[in-house]
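In the numbering used here, each residue carries its 1-based index in the sequence shown increased by 53. Read through the structure below, which is laid out as structure tokens, and then see the notes.
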Amino acid sequence: MRSWSRLLLSINRSFRVKLILSLSVIILLTFGITGYLTYRYNLTLFEEEISKQFSSTNEEALAKMDLKVQEVVRISQTVVFNPEIEKVITRINSSEDSDPFNLYYNKKQIEEQIFQIKSDAPYITGMYLYDLKGNPSYFSYTTSAINMPNESVFSAIRSKVNDTYGDLVWINMPLPSSVEPSGFRNTIIVGSMDEK
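In structure tokens, the structure reads:
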């Protein structure tokens, strides 16, 4: 009888152990699957949120860039279609042999007009008005960030703006700079040729 009770007790214990182990495995599997699904769900939410924020940041940057481009176009058109600047340039061209004081006075008038326009856009680091022969006879301005461009730079720009009929041409070009360690600053140049 004792052996039967021992056998029943050991079977009972074995059954309890198996039951406890089975329940433990089920609980562990449930927690593991739940944890994995929660992780995947949260990862998907996180990726979607990052994607939305990245997209929003890109849209804001594009909107700001578009505003800057529109501002450069507006300033360029303001200079090209400014009746005062046109009158002064016509006056300079019609009297090439005039005295130096009149030439200085006329250029000063152009400078005053352009600096008033340029004060609205401090990010413009250089501005030049050339005659049709390529002479910088009207106006030139540059900041210390960019050195005065040499003839090869102006030749490259002229070759791109020839026959544009006043349309703006955007050129990406490294220009000499004394403040950059490499000696050059990557610059966006906007140019147009207006044959008034």
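A virtual CB, placed ideally from N, CA and C, is assigned to each residue, including glycine. No experiment lies behind these values; they were computed from the predicted model shown.
Counting C-beta neighbours from all protein chains within 10 Å, is the total for residue i 16 or more, i.e. buried, or is it exposed?
{"i": "I145", "result": "buried"}
{"i": "L228", "result": "buried"}
{"i": "I73", "result": "exposed"}
{"i": "S148", "result": "exposed"}
{"i": "S109", "result": "exposed"}
{"i": "V78", "result": "exposed"}
{"i": "I142", "result": "buried"}
{"i": "I210", "result": "buried"}
Quick one, which of the options has its alpha-carbon nearest residue i's?
{"i": "I138", "options": "V243, Y158 and K121", "result": "Y158"}
{"i": "I128", "options": "Q169, N239, E233 and L76", "result": "Q169"}
Quick one: Cα of residue i to Cα of residue j, how far?
{"i": "I241", "j": "Q123", "result": "14 angstroms"}
{"i": "F107", "j": "E101", "result": "10 angstroms"}
{"i": "S230", "j": "S245", "result": "23 angstroms"}
{"i": "I86", "j": "T97", "result": "16 angstroms"}
{"i": "S172", "j": "K121", "result": "14 angstroms"}
{"i": "T217", "j": "V243", "result": "12 angstroms"}
{"i": "V222", "j": "G236", "result": "25 angstroms"}
{"i": "K117", "j": "D152", "result": "47 angstroms"}
{"i": "P136", "j": "V232", "result": "37 angstroms"}
{"i": "I224", "j": "N215", "result": "13 angstroms"}
{"i": "G219", "j": "Y183", "result": "14 angstroms"}
{"i": "N203", "j": "N111", "result": "36 angstroms"}
{"i": "P175", "j": "S104", "result": "33 angstroms"}
{"i": "S75", "j": "Y94", "result": "28 angstroms"}
{"i": "F99", "j": "D119", "result": "30 angstroms"}
{"i": "R238", "j": "E113", "result": "25 angstroms"}
{"i": "K213", "j": "S205", "result": "13 angstroms"}
{"i": "N155", "j": "S208", "result": "29 angstroms"}
(message) Within 8 angstroms, do at least three Cβ pairs link the region 79 to 92 to the region 123 to 136?
(response) These segments do not touch.
(message) Suppose only complete runs of 4+ residues qualify. What are the alpha helix (DSSP H) ranges in the region 103 to 157, listed by chain order?
(response) Taking only runs of at least 4 residues, the alpha helix (DSSP H) segments lying wholly in the region 103 to 157 are 136 to 147.
(request) Kindly confirm or deny that the region 161 to 180 and the region 190 to 197 touch, where touching means at least three C-beta pairs closer than 8 angstroms. (result) Per the Cβ contact rule, the region 161 to 180 is in contact with the region 190 to 197 (3 or more Cβ pairs under 8 angstroms).
(request) State whether the region 196 to 214 contacts the region 174 to 185, with contact taken as three or more CB pairs (one from each stretch) at a distance under 8 angstroms. (result) Short answer: they touch.
(message) Could you tell me which whole beta strand (DSSP E) segments of length 3 or greater appear in the region 181 to 240?
(response) Scanning the region 181 to 240 for uninterrupted beta strand (DSSP E) segments of 3 residues or longer gives 192 to 195 and 222 to 229, listed from N- to C-terminal end.
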